[in-house]
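With the first letter of the sequence shown counted as 1, position 164 gets the number 1360 in the working numbering; the numbers rise by one all the way through. Virtual Cβ for every residue (Gly too), placed ideally from N, Cα, C.
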Amino acid sequence: MNCIVALFAMFFLALPVSAAAQTSEGNQRFNLFELEGLSLSDILTFDAEMSARNDLDLPAFFRIHVPRDRRIQREVFANPDGGALVGIMFTLADQTSGETAFLEHLQITTARVPMQDNHAEAAPSRQQIAGLMARDIVFPRMVEGKQSPEILSVTALPLGEINASQVIGQHIEPGIGPMLVRVVVLPHPDQEESLMMIAKINLALVPVRDRETLEKSLTGRIISSWQYQ
1197 MNCIVALFAM FFLALPVSAA AQTSEGNQRF NLFELEGLSL SDILTFDAEM
1247 SARNDLDLPA FFRIHVPRDR RIQREVFANP DGGALVGIMF TLADQTSGET
1297 AFLEHLQITT ARVPMQDNHA EAAPSRQQIA GLMARDIVFP RMVEGKQSPE
1347 ILSVTALPLG EINASQVIGQ HIEPGIGPML VRVVVLPHPD QEESLMMIAK
1397 INLALVPVRD RETLEKSLTG RIISSWQYQ
C-alpha cells in the first residue's frame, strides 16, 4: 500500500523543455504559447442525442470545451480508427507550402474503475486504482514500439467533483520528435463504467515545460473543462 500511496504525492516532475520548431519554409518559427487571443472554445455536450446522431456507444454522458482558432485546424471525429469513442485533432497549416504540422491530439475512450469497497480495510481508493491502470496498462500500450518511452509523473488530478488520476510521459515520434503523452482516467462517481482521455502533444510546437503550460495547451484546456453529465 505504501508504494501505491507514494504514487499520488502531489509532485509534478519537470517536463522537457523544447525550442519552438521551424516551419517548412525554414525562416519562421511557431510556438503555440506565443499566439495572442487564443481564448475561444466551443462547448460540446455528448448526451443521448449526440450519441444517437454519431452512433456512439457511450457508457456515460459528458461535456467538454474545445478550443477554436482560425489559425489552427481542428477536427472532431466520432468512432475514429483505433477503437476510441471520440478523437480531436489539432494541426497547423503552412499557408505557403500547404503542408500541415501535428500539434495535439486527444481521444476519449472507455475505462472500467471498480466501485470502492468501504468495508475492506486498506483497500485502494478508486483514484489509486485509476492511477495504476493508467501507469501499468494504458501508458505502455500508447508507447509500445516507440523510441525512448519514459514516465515523468503519476499524480492525482481533481477535475471539479471528479477525483481523476493522470500519468504524464514522453517518447520520440519518428519524423516529429519529442512527444508528450498524457493519460487521464476519470472514475464516474456513480458507476464502474467510466471514461478516460489520452492526449499527445508535439513538444516542438507546443513546448510544455510545467503545470501552467500543460494547462494552457489545447488538450490541456479540454481536460480541465471535463464534466460528467
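Asked	Found
Look at the alpha carbon of Asp1313 and the alpha carbon of Ser1349, and state the distance between them as a whole number of angstroms.	27 Å
Thinking Leu1382 and Ala1360 are a contact (beta carbons under 8 Å), I'd like their distance in whole angstroms, please.	5 Å
From Gln1425, Gly1341, Trp1422 and Arg1417, pick the residue whose C-alpha is nearest to that of Phe1286; which is it?	Arg1417
What is the C-beta distance between Ile1358 and Tyr1424, in whole angstroms, given that I count them as a contact (C-beta under 8 Å)?	7 Å
Using DSSP with H/G/I as helix, E/B as strand and the rest coil, what is Ala1280?	coil
Taking buried to mean at least 16 other C-beta atoms within 10 Å of its own C-beta, is Ser1235 buried or exposed?	exposed
Along the alpha helix (DSSP H) that carries Ser1247, what are the first and last residues, could you check?	Ala1244 to Asn1250
How far does the beta strand (DSSP E) with Phe1257 in it reach, from first residue to last?	It is not in any beta strand (DSSP E) - Phe1257 carries neither H nor E in the DSSP assignment.
May I ask you to list the residues that DSSP assigns as paired with Ile1394?	Gln1303 and Val1379
Can you list, in chain order, the residues of its chain with a C-beta nearer than 6 Å to that of Phe1273? Leave out the 5 residues immediately preceding and following it.	Gly1283
Would you check if the segment 1330-1347 and the segment 1387-1404 touch, i.e. whether three or more CB-CB distances between them fall below 8 Å?	yes
When burial is assigned at 16 or more other CB atoms within 10 Å of the CB, is Gly1327 buried or exposed?	buried
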